[in-house]
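>
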Amino acid sequence: MNSSNDLNSASVLRFGPYAFHLRQRLILEGDRQLRMGGRALDILQVLVERAGRVVSKEQLIALVWPTSVVEDINLRVHIAALRRALGDGENGQRYIVNVPQSGYSFVAPVQGDSVAQVVFESLQAPQHNLPARLTPVTGRDSLVGGMVRQLPLCRLMTVTGSAGVGKSTVALRVAELLLQHFSDGVWRVDLSLIDDTTPLLEHLLRTLETDYPTLMSRHALLVLDNGDHLREACRNVVENLLAAGPRLSILVTSREALQVNLETVQQVPPLAVPGASACGCVDEAMAFSAVQLLVSRARARQHGFHLREQDLAAVREICRRLDGLPLAIELAAAQIDALALVGLQAQLDNGLQLLSFGRRTAVPRHQSMTAALDWGCRHLSDQERRVLQRLSVFKTAFTLDAAMAVISCAQMPPSMLAAVVERLAAKSLLAVERGSGVVRYRMFNTTRRYVSEQLAHSGESADLERRHARYLGRTREGSGRRLTAQLVQQ
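Residue 292 in the working numbering sits at position 255 of the sequence shown; the count goes up by one each step and never skips.
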């Protein structure tokens, strides 16, 4: 009995001197039961059912740990335990082999006893159309783990965040880990491939090669990726699907929440960046996920690269100036073999030119930071675009009062300006910082450089810089007078 269908209908799988009783979840060597942990049995079941085929590490992890975030080391530990328990390699008999850069394969002949018809749902290859992940996901374990636990319960989750923060990367990793949870699969629909003239539901059904009634009956996860430019269409389709398909769950990526019933909004923050006084040593620097990503991508570009003590200041500055944005860090790391770390640091003052050499295989909006920001800003209104450009005069976080004092004008009175700033924050173009009862807004450095270049072409830069300088001067004078008054009172 060699075919996969035969093995799927068996209740006992035999290989070498062993009998794997699937329903009882035990392995016998003659009359002796092998002691083996539950995860190890799960791994063995997946491999034995696919005997002769290579199972990727990612697929193994997704099948065996469907609701947990697990590193490769956990898988390797259980594989090693399995090999010891089976006497793998003793007397020339091999069972589990590692296929470099691919995964694992069970190489011993397997036979099945068809004493009963058993459907091994946990062993069936998961149905999906998710793209192959080419690189590890760095610094997102906690975020991904929380989303994996939450999504099956909430039905609709919208992943928001700024351009280049890794919304799709996080969402697709979550989808991978949930493959086993959804009996009818996990299906991605890339909305960036269509414009607002294409009926969204029609495109979705065509992508999934199904009809509406069939889709509504499925227990599946739909990943609607890159919905920024189709927000209204997304809202309508999502509300329709959730109402008509009670077993469907939906994961959306967009800069802005859909604001529909049942929606859980998950913001993706930038990677952790070392503070001004951090990075006293290499180990301390590597505790920050932005540094981990930079080093990982640098190693991929430059053979033998390793982080040295003398590199720490440059690495800290690069990660801080790029705001911990994964796309910006990856684009910068692509220049590591040509510029080295010190050269990268020096080039940060040259605007977005440094961040313009992405992988040729990447989608166009990920081949440069300018392209990513073009995509993120192309549907702004003229009013939103002008306010964003004017706000680029603030190099640090600012309050709404400060914005009104510096950039308001006859065409943009304070009452109108407040609403526009809130819309820009909702679209993830401004980060919101809350503390001590004060709300502050901050523009990422990459965004600020992008819109400040546009501001310069408008001819407004010089006037706004003067207004900003006068505002800072008045603020310092006011602070000085308050401090003097406090000292007099004391």
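A virtual CB, placed ideally from N, CA and C, is assigned to each residue, including glycine.
#1: Would you please state the rounded distance, in angstroms, between the beta carbons of Val458 and Leu437? I believe it to be under 8 Å.
#2: Could you round the C-beta distance between Ile80 and His115 to whole angstroms and report it? I think they count as a contact, below 8 Å.
#3: If we count the other Cβ atoms within 10 Å of its Cβ and call it buried at 16 or more, is Gly89 buried or exposed?
#4: Reducing DSSP to helix, strand and coil, say where Gly472 ends up.
#5: Check each candidate in Val488, Thr483, His494 and Leu467 and name the one with the smallest Cα separation from Gly198.
#6: Can you give the Cα-Cα distance for Ser291 and Lys204, rounded to whole angstroms?
#7: Counting C-beta neighbours from all protein chains within 10 Å, is the total for Arg243 16 or more, i.e. buried, or is it exposed?
#8: Under three-state DSSP, which class holds Trp102?
#9: Which parts of the segment 248-318 are runs of the alpha helix (DSSP H), unbroken and 4 residues or longer, counting only runs that do not cross its ends?
#10: Does the Cβ-Cβ distance between Pro189 and Ser286 come in under 8 Å?
#11: To the nearest angstrom, how far is the alpha carbon of Ala162 from that of Leu112?
#12: Can the beta-carbon of Leu501 be found closer than 8 Å to that of Arg415?
#13: Within the chosen definition, does the segment 311-324 reach the segment 351-361 through at least 3 CB pairs nearer than 8 Å?
#14: Checking 8 Å against the spacing of the C-beta atoms, do Glu300 and Ala294 come in under that value?
#15: Which residue from Val328, Arg272 and Leu228 puts its Cα closest to that of Arg345?
#16: Say whether the segment 264-276 touches the segment 164-182, bearing in mind that this needs 3 or more beta-carbon pairs closer than 8 Å, one atom from each stretch.
#17: Rounded to whole angstroms, what's the CA-CA distance from Glu213 to Tyr55? Just pull it up for me.
#18: Taking the alpha helix (DSSP H) that Ala493 falls in, what are its first and last residues?
#19: Helix, strand or coil: which one does DSSP assign to Gly149?
#20: Sorted by chain position, which residues of the same chain lie with C-beta nearer than 6 Å to Met441's C-beta, five sequence neighbours on each side aside?
#21: Looking at the strands, I want to know which residues DSSP matches up with Glu354.
#22: With a threshold of 16 other CB atoms inside 10 Å of the CB of Leu171, please say whether the residue is buried or exposed.
#23: Residue range of the beta strand (DSSP E) that Ile80 falls in?
#24: When the Cβ atoms of the segment 374-382 are set against those of the segment 478-498, are three or more pairs found closer than 8 Å?
#25: Bridge partners of Gly140, per DSSP?
#26: Quick one: is Val156 buried, meaning 16 or more other Cβ sit within 10 Å of its Cβ, or exposed?
#27: Pairing CB atoms from the segment 140-148 with CB atoms from the segment 170-184, are three or more of them under 8 Å?
#28: Return the CA-CA distance between Leu84 and Phe57, expressed in angstroms with no decimal places.
#29: Using 8 Å for Cβ pairs, my map puts Ala434 next to Arg479. What's the rounded Cβ distance?
#30: In angstroms with no decimal places, state the Cα-to-Cα distance between Phe342 and Arg225.
#31: Quick check: the Cα distance between Trp412 and Ala200, rounded to an integer number of angstroms?
#32: Is it buried or exposed for Ile231, if we count other Cβ within 10 angstroms and need 16 for buried?
#33: Starting from the C-beta of Lys94, find all residues in its chain whose C-beta is less than 8 Å away, skip the five residues before and the five after it, and write them out in chain order.
#34: Going by C-alpha distance, which of Val424, Leu278 and Leu330 is nearest Leu193?
#35: Tell me which residues share the same chain as Leu391 and place their Cβ nearer than 8 Å to its Cβ, disregarding the 5 neighbours each side in the sequence.
#36: Would you say Tyr508 and Ala439 are within 8 Å of each other, going by their C-beta atoms?
The structure says:
#1: Contact between Val458 and Leu437 holds, since their C-beta atoms are separated by about 6 Å, short of 8 Å.
#2: Between His115 and Ile80 the Cβ distance is about 5 Å, and since that is below 8 Å, they are a contact.
#3: Burial check for Gly89: the Cβ neighbour count within 10 Å stays below 16, so the residue is exposed.
#4: Correct three-state label for Gly472: strand.
#5: Distance check between Gly198 and each of Val488, Thr483, His494 and Leu467 places Leu467 closest, using alpha-carbon atoms only.
#6: For Ser291 and Lys204, the distance between alpha carbons rounds to 8 Å.
#7: Counting Cβ neighbours within 10 Å, Arg243 comes out exposed, since fewer than 16 surround it.
#8: Secondary structure of Trp102 (DSSP, three-state): coil.
#9: Here the runs fully enclosed are 249-253 and 268-281.
#10: In contact: Pro189 and Ser286 (Cβ atoms closer than 8 Å).
#11: Residue placement at Ala162 is poorly supported in this model, since its pLDDT is 44, which falls under 50; the coordinates still yield a value, given next. Their Cα atoms are separated by approximately 19 Å.
#12: Not a contact, by the Cβ cut-off of 8 Å.
#13: Enough Cβ pairs lie closer than 8 Å, so yes.
#14: Yes, they are a contact pair.
#15: Nearest option by C-alpha distance: Val328.
#16: Fewer than three beta-carbon pairs drawn from the segment 264-276 and the segment 164-182 are found closer than 8 Å, and the two stretches are therefore not classed as touching.
#17: The C-alpha of Glu213 lies about 32 Å from the C-alpha of Tyr55.
#18: Looking at the DSSP string, the run of the alpha helix (DSSP H) that includes Ala493 is Asn482 to Ser495.
#19: Assignment of Gly149 by DSSP, reduced to helix, strand and coil, places it in the strand class.
#20: Counting only Cβ-Cβ distances below 6 Å, and skipping sequence neighbours, we find Pro451 and Leu454.
#21: The partner list for Glu354 (beta bridge, DSSP) is empty, contrary to what the question assumes.
#22: Per the 10 Å Cβ criterion, exposed.
#23: Per DSSP, Ile80 lies in no beta strand (DSSP E) segment; the continuous alpha helix (DSSP H) that holds it begins and ends at Gly75 to Glu86.
#24: By the Cβ rule, the segment 374-382 does not count as touching the segment 478-498, because fewer than three pairs are nearer than 8 Å.
#25: For Gly140, which the question treats as bridged, DSSP gives the partners Ser93 and Val136.
#26: Confidence in Val156 is poor, its pLDDT being 35 and thus under 50, which makes the residue's placement unreliable; the coordinate value appears in the next sentence. With fewer than 16 other Cβ atoms within 10 Å, it is exposed.
#27: Result no; under three Cβ-Cβ pairs closer than 8 Å.
#28: Between Leu84 and Phe57, the C-alpha separation is close to 12 Å.
#29: The beta-carbon separation of Ala434 and Arg479, rounded to 4 Å, stays under the 8 Å limit for a contact.
#30: Rounded to whole angstroms, the gap between the alpha carbons of Phe342 and Arg225 is 36 Å.
#31: About 8 Å.
#32: Ile231 is classed as buried because its beta carbon has at least 16 other beta carbons within 10 Å across all chains shown.
#33: Cβ contact annotation for Lys94 (same chain, cutoff 8 Å, sequence separation greater than five): Asp109, Leu112, Gly140 and Tyr141, in chain order.
#34: Among Val424, Leu278 and Leu330, the Cα nearest to that of Leu193 is on Leu278.
#35: So the qualifying residues of the chain are Leu368, Ala369, Gln372, Leu381, Gln384 and Leu385.
#36: Taking C-beta atoms as the reference points, Tyr508 and Ala439 count as a pair closer than 8 Å.
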